[in-house]
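> Under this note's numbering, the sequence shown has 516 at position 531, and the numbering climbs by one with no breaks. Glycine is no exception: its CB is placed at the ideal position from the N, C-alpha and C atoms. After the structure tokens below, expect a handful of questions from me.
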Amino acid sequence: MKLKKRILIALGLMALLIVSLALASTYFVQRLGSASENILKDNYVSIVAAHSMLDALDEMDNAVLRSHLDTAEKAIQYTLLFDHADSIFARNLSIAEGNITEPGEKELLVELRKRYELYKSEAPASIPVGERIGPLYDSLKVSCIALLDLNTKGMHLRNVKAKEVSNQAILYTILLVGFALLLTLGMLLRFPALVIKPISELTTKIRNIANRKYSEHIEVTSQDEIGELASSFNQMAVRLEEYDRSNIDALIAEKKQSEAIVKSMNDAVVVLTRDLDVVTVNAVAAQLLGIAESDLIGKNANDVGLNNNLVAKIIENIDSTGSNDEAYLRIYNDGKEEYYLKDVIRIERTEGDPASALGYVIELKNVSEFKALDEAKSGFVTTVSHELRTPLSALNMSLRLLQDERIGTLNPEQAKILDAMKQEIRRLLRIVNELLELSRAEVGAEVMHMEAVSPEGIVDAAVTPMMLQADQKHVNLEINLPPNLPMIRADNSKIAWVLINLLSNAIRFTPAEGKVKLEVLSQNNNVEFSVTDTGIGIEPQNLERIFDKFFQVRGNVSEHHSGVGLGLAISKEIIEAHGGRISAQSEVGKGTTFTFYLRSL
Ligand code: ADP
-14 MKLKKRILIA LGLMALLIVS LALASTYFVQ RLGSASENIL KDNYVSIVAA
36 HSMLDALDEM DNAVLRSHLD TAEKAIQYTL LFDHADSIFA RNLSIAEGNI
86 TEPGEKELLV ELRKRYELYK SEAPASIPVG ERIGPLYDSL KVSCIALLDL
136 NTKGMHLRNV KAKEVSNQAI LYTILLVGFA LLLTLGMLLR FPALVIKPIS
186 ELTTKIRNIA NRKYSEHIEV TSQDEIGELA SSFNQMAVRL EEYDRSNIDA
236 LIAEKKQSEA IVKSMNDAVV VLTRDLDVVT VNAVAAQLLG IAESDLIGKN
286 ANDVGLNNNL VAKIIENIDS TGSNDEAYLR IYNDGKEEYY LKDVIRIERT
336 EGDPASALGY VIELKNVSEF KALDEAKSGF VTTVSHELRT PLSALNMSLR
386 LLQDERIGTL NPEQAKILDA MKQEIRRLLR IVNELLELSR AEVGAEVMHM
436 EAVSPEGIVD AAVTPMMLQA DQKHVNLEIN LPPNLPMIRA DNSKIAWVLI
486 NLLSNAIRFT PAEGKVKLEV LSQNNNVEFS VTDTGIGIEP QNLERIFDKF
536 FQVRGNVSEH HSGVGLGLAI SKEIIEAHGG RISAQSEVGK GTTFTFYLRS
586 L
């Protein structure tokens, strides 16, 4: 049954109880009323009549007696008195006769009337005579008293009955009220069990569900609204559990997929949380780091790094390195030296926001083979350049001899051809020299002659040969060299070469009356060199490639320039072999700035 129906029934029952109580009370009050009315009607009238008859009888008797004692003249007066009393008696007798209610009353009244008639027939005659009619009077009086007694007893009986009715009324009322109270109490006790208990049970279970205890279930015991609520709740719990399970399944599947990807990779991969706790590593990484997977997972990389240099190294500057940044690591693995390229990918909740970092993926790519190939290539280039340089120099010499007039004069045509040949050979020599320089730079710091040098010394060595070039092109060369710059560890001639290359480019690509500024700054632990010009600038898409080998911006290169696009590539190799960085910023039409920095001592 529906809860609404139940509540309605309960309230209806209460209303019914109130109505029946009211009806019962009215009924009892009415019964009590009629009982007292009966007393009044049945007996009281007869009693009053009996009393009046007794009084009238005494009056009559009195008149008879006094007429006897008084003078004869007054007899008429007593007759009047007698008649008056008689009329009262007769009237009351009629009243009594009209109100026969008691058993035996009728017979009594017949007797009374008989006696009255007798008394009345005898008494007036004796008035003047004065003879008392005592026995008649007595018997009439006895009858009157008997009537009085009968009705008094009747009244008493009715009174007792009325009392009984009232007692009954009290009893029934108490019973009814008790019943009503019991019923109400019963309902009051049932109501919480009916409504409040299921609701509080539901509240507890919902709380449990909120804490992911999906096994919660409410037993459906009724068909009412609470029952419906309970079954809806059960359905919800089942759905939530399914949903949660499918979510967890999906998450587990994703996690397993990611782990499988990490495990299947040939490169060493370490996944860290933002607090640098190790989430997962693959076998390659574990072997490379020399620690068992189980000893790594769940540990903090900083703690592991205390006893493992390599771990300390791979997490070094993890944030400043940023994503997609690269750094080489030389690792001894399996008894041989291998080269690894460290790549840190920062996992960010919001892309481009380092503060939202969720963790890091560190990848160590084995680039030993590429490195070996690169070295072989550099070696090859070195050898070939070296081998080409000697015959080219010899050719150059021979051409110079041919041009010497002492050997013989050339006609203008021949001289022109020789001139072109000489230029080409010079160009070839320059390319060969630069290639040699590049392959040397690529071999790295080992071939650098590192020493403590002052930035001023480097600037001096670079600027002197450039002065003339700037003057010739009417370009203002400005040098900004603050005092007390720290010393740096570098190959003096190589860094000077880089500066010369940058200054030469700057002058070359700056129109006359332009400005080229060389600035040196000491910043943090670095000494920063920058060459700024007010030249033609470089488009962004070319800016990314200018450090590539043999790259030249089309249209920039003048006919007379003999460069081959190696200058910046060599500069980059030299600076990186020093552990520094080189970069360029440019705005087309406004100018370019090349900056490199080297670590100060
Ligand atoms: P090269 O000077 O031998 O051509 P570089 O490696 O020195 O080779 O320079 C590569 C290219 O970068 C140049 O050909 C030129 O197009 C561009 N470039 C270099 N420096 C500047 C500069 N200061 N302003 C404009 N373009 C430049």
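Alpha carbon to alpha carbon, how far is L1 from Q208?
Taking the sequence shown and counting its residues from 1, the one referred to as residue 1 is at position 16. Taking the sequence shown and counting its residues from 1, the one referred to as residue 208 is at position 223. L1 and Q208: Cα-Cα distance of roughly 26 Å.
> Can you determine whether any heavy atom of the ligand ADP sits closer than 6 Å to the C-beta of D518, and answer yes or no?
As a position in the sequence shown, residue 518 is number 533, starting the count at 1. Yes - the ligand ADP has a heavy atom lying nearer than 6 Å to the Cβ of D518.
> Kindly indicate which three-state DSSP category L551 falls into: helix, strand or coil?
Working through the sequence shown from its first residue, we reach residue 551 at position 566. Reduced to three states, the DSSP call for L551 is coil.
> Give a single yes or no on whether T577 has its beta carbon closer than 6 Å to a heavy atom of the ligand ADP.
For the purposes of this step, residue 577 is identified with residue 592 of the sequence shown, where counting begins at 1. T577: yes, Cβ under 6 Å from the ligand ADP.
> Using 7 Å as the threshold, is the C-beta distance between I416 and V483 below it?
For the purposes of this step, residue 416 is taken as residue 431 along the sequence shown, with counting starting at 1. For the purposes of this step, residue 483 is taken as residue 498 along the sequence shown, with counting starting at 1. No, the Cβ-Cβ distance between I416 and V483 is not below 7 Å.
> Tell me whether L42 sits in a helix, a strand or coil according to DSSP, three-state version.
Counted from its first residue, the sequence shown places residue 42 at position 57. Looking at L42 - three-state DSSP - the assignment turns out to be helix.
> Could you give the distance in angstroms between the alpha-carbon of T367 and the alpha-carbon of D359?
Locating residue 367 in the sequence shown gives position 382, where the first residue counts as 1. Locating residue 359 in the sequence shown gives position 374, where the first residue counts as 1. Approximately 12 Å, taken between the alpha carbons.
> Taking the alpha-carbon of H434 as reference, which of N469, E210, K458 and A481 has the nearest alpha-carbon?
Within the sequence shown, residue 434 is the residue found at index 449, counting from 1. Comparing Cα-Cα distances from H434 to each of N469, E210, K458 and A481, the minimum goes to A481.
> Suppose you measure from the CA of Y313 to the CA of S353; what does that come to, to the nearest Å?
By 1-based counting over the sequence shown, the position of residue 313 is 328. By 1-based counting over the sequence shown, the position of residue 353 is 368. If I take the Cα positions, the gap works out to 10 Å.
> What is the residue span of the alpha helix (DSSP H) that N193 lies within?
Within the sequence shown, numbered from 1, the residue matching residue 193 stands at position 208. Counting along the chain, the alpha helix (DSSP H) containing N193 begins and ends at K182 to A195.
> Looking only at C-alpha atoms, which of E529, A400, L39 and A270 sits nearest to S72?
Counted from its first residue, the sequence shown places residue 72 at position 87. It is L39 whose Cα lies nearest to the Cα of S72.
> Taking DSSP as the reference, what is the three-state secondary structure of D573?
The residue you call residue 573 lines up with position 588 of the sequence shown. One detail in the question is off: residue 573 reads as Val in this sequence, not Asp. Looking at V573 - three-state DSSP - the assignment turns out to be coil, as it is neither helix nor strand.
> Short check: CB of L97 to CB of S128, under 7 Å?
Indexing the sequence shown from 1 puts residue 97 at position 112. Indexing the sequence shown from 1 puts residue 128 at position 143. Yes; because the gap between Cβ atoms is below 7 Å, this pair is in contact.
> Cβ of I410 within 7 Å of Cβ of L380?
For this step, residue 410 is matched to residue 425 along the sequence shown. For this step, residue 380 is matched to residue 395 along the sequence shown. Their beta carbons are under 7 Å apart, which means I410 touches L380 by this criterion.
> Contact between the segment 147 to 167 and the segment 41 to 50: three or more CB pairs below 8 Å?
The segment 147 to 167, when compared against the segment 41 to 50, does not touch it at the 8 Å Cβ threshold.
> Can you tell me whether R230 is helix, strand or coil according to DSSP?
Residue mapping note: residue 230 aligns to position 245 of the sequence shown, counting from 1. Three-state result, R230: helix.
> What alpha helix (DSSP H) runs, 4 residues minimum, are completely inside the segment 270 to 350?
Complete alpha helix (DSSP H) runs here, min 4: 278 to 281, 286 to 290, 294 to 299 and 303 to 306.
> Taking the beta carbon of N136 as the centre, do at least 16 other beta carbons fall within 10 Å, making it buried, or is it exposed?
Within the sequence shown, the letter at position 151 stands for residue 136. N136 is buried by the Cβ-count criterion.
> Report the residue from K534, Q526, G552 and N511 whose alpha carbon sits nearest the alpha carbon of F581.
As a first step, residue 581 must be located in the sequence shown, where it is residue number 596. Considering only alpha carbons, the answer is N511.
> Can you give me the start and stop residues for the beta strand (DSSP E) that D209 sits inside?
One-based indexing of the sequence shown puts residue 209 at position 224. Unbroken run through D209: none, as it is neither H nor E.
> Determine the direct distance from the alpha carbon of Q220 to that of D631, and round the result to whole angstroms.
For residue 631 there is no data in the structure shown, the boundaries of the chain being -14 and 586.
> Around the C-beta of V14, are 16 or more other C-beta atoms found within 10 angstroms, so that it is buried, or is it exposed?
As a working mapping, residue 14 is identified with position 29 in the sequence shown. So V14 counts as exposed.
> Excluding the 5 residues preceding and the 5 following A400 in the sequence, name in chain order all residues of the same chain whose CB lies nearer than 8 Å to its CB.
Looking up residue 400 in the sequence shown gives position 415. Excluding positions up to five away in sequence, the list reads Q388.
> Between the Cα of V549 and those of H563, A475, E561 and D533, spot the shortest distance and give me the residue it belongs to.
Start at 1 with the first residue of the sequence shown, and residue 549 comes out as number 564. Measuring from the Cα of V549, the nearest candidate turns out to be D533.
> With DSSP as the reference, identify every bridge partner of D518, one or two as the case may be.
Walking along the sequence shown from the start, residue 518 turns up at place 533. Answer is V501, bridged to D518.
> Using the C-alpha atoms, what's the distance from E244 back to I300?
By 1-based counting over the sequence shown, the position of residue 300 is 315. By 1-based counting over the sequence shown, the position of residue 244 is 259. Answer to the nearest angstrom: the Cα atoms are 21 Å apart.
> Check whether the Cβ atoms of R259 and G344 lie closer than 7 Å to each other.
For the purposes of this step, residue 259 is taken as the residue at position 274 of the sequence shown. For the purposes of this step, residue 344 is taken as the residue at position 359 of the sequence shown. Yes; because the gap between Cβ atoms is below 7 Å, this pair is in contact.
> To the nearest angstrom, how far is the alpha carbon of L125 from that of Y12?
In the sequence shown, the residue the question calls residue 125 occupies position 140. In the sequence shown, the residue the question calls residue 12 occupies position 27. Each residue's alpha carbon lies about 44 Å from the other.
> Measuring from the CB of I523, is there a heavy atom of the ligand ADP at a distance below 6 Å?
Locating residue 523 in the sequence shown gives position 538, counting from the first residue. Yes; taking the cut-off as 6 Å, the Cβ of I523 has a heavy atom of the ligand ADP nearer than that.
> Note the first and the last residue of the continuous beta strand (DSSP E) segment covering T258.
Along the sequence shown, one-based indexing puts residue 258 at 273. T258 -> beta strand (DSSP E) spans A253 to T258.
> Which whole-angstrom value describes the C-beta separation of Y122 and L65, a residue pair presumed to lie in contact below a C-beta threshold of 8 Å?
For the purposes of this step, residue 122 is identified with residue 137 of the sequence shown, where counting begins at 1. For the purposes of this step, residue 65 is identified with residue 80 of the sequence shown, where counting begins at 1. Incorrect: roughly 19 Å between the Cβ atoms, too far for contact.
> With DSSP as the reference, label Q399 as helix, strand or coil.
The count along the sequence shown starts at 1 and reaches residue 399 at position 414. In this structure, Q399 counts as helix in the three-state DSSP scheme.
> In whole angstroms, what is the alpha-carbon distance linking Y325 and R530?
The residue labelled residue 325 in the question sits at position 340 within the sequence shown. The residue labelled residue 530 in the question sits at position 545 within the sequence shown. Straight-line Cα distance between these residues: approximately 24 Å.
> Please list, in chain order, all residues of the same chain as A603 whose beta carbon is under 7 Å from its beta carbon, the five residues on each side excluded.
Residue 603 lies beyond the range of the chain shown here (-14 to 586); nothing can be said about it.
> Answer with buried or exposed for M382, where buried requires no fewer than 16 other C-beta atoms within 10 angstroms of its C-beta.
Against the sequence shown, residue 382 aligns to sequence position 397. By the 10 Å Cβ count, M382 comes out exposed.
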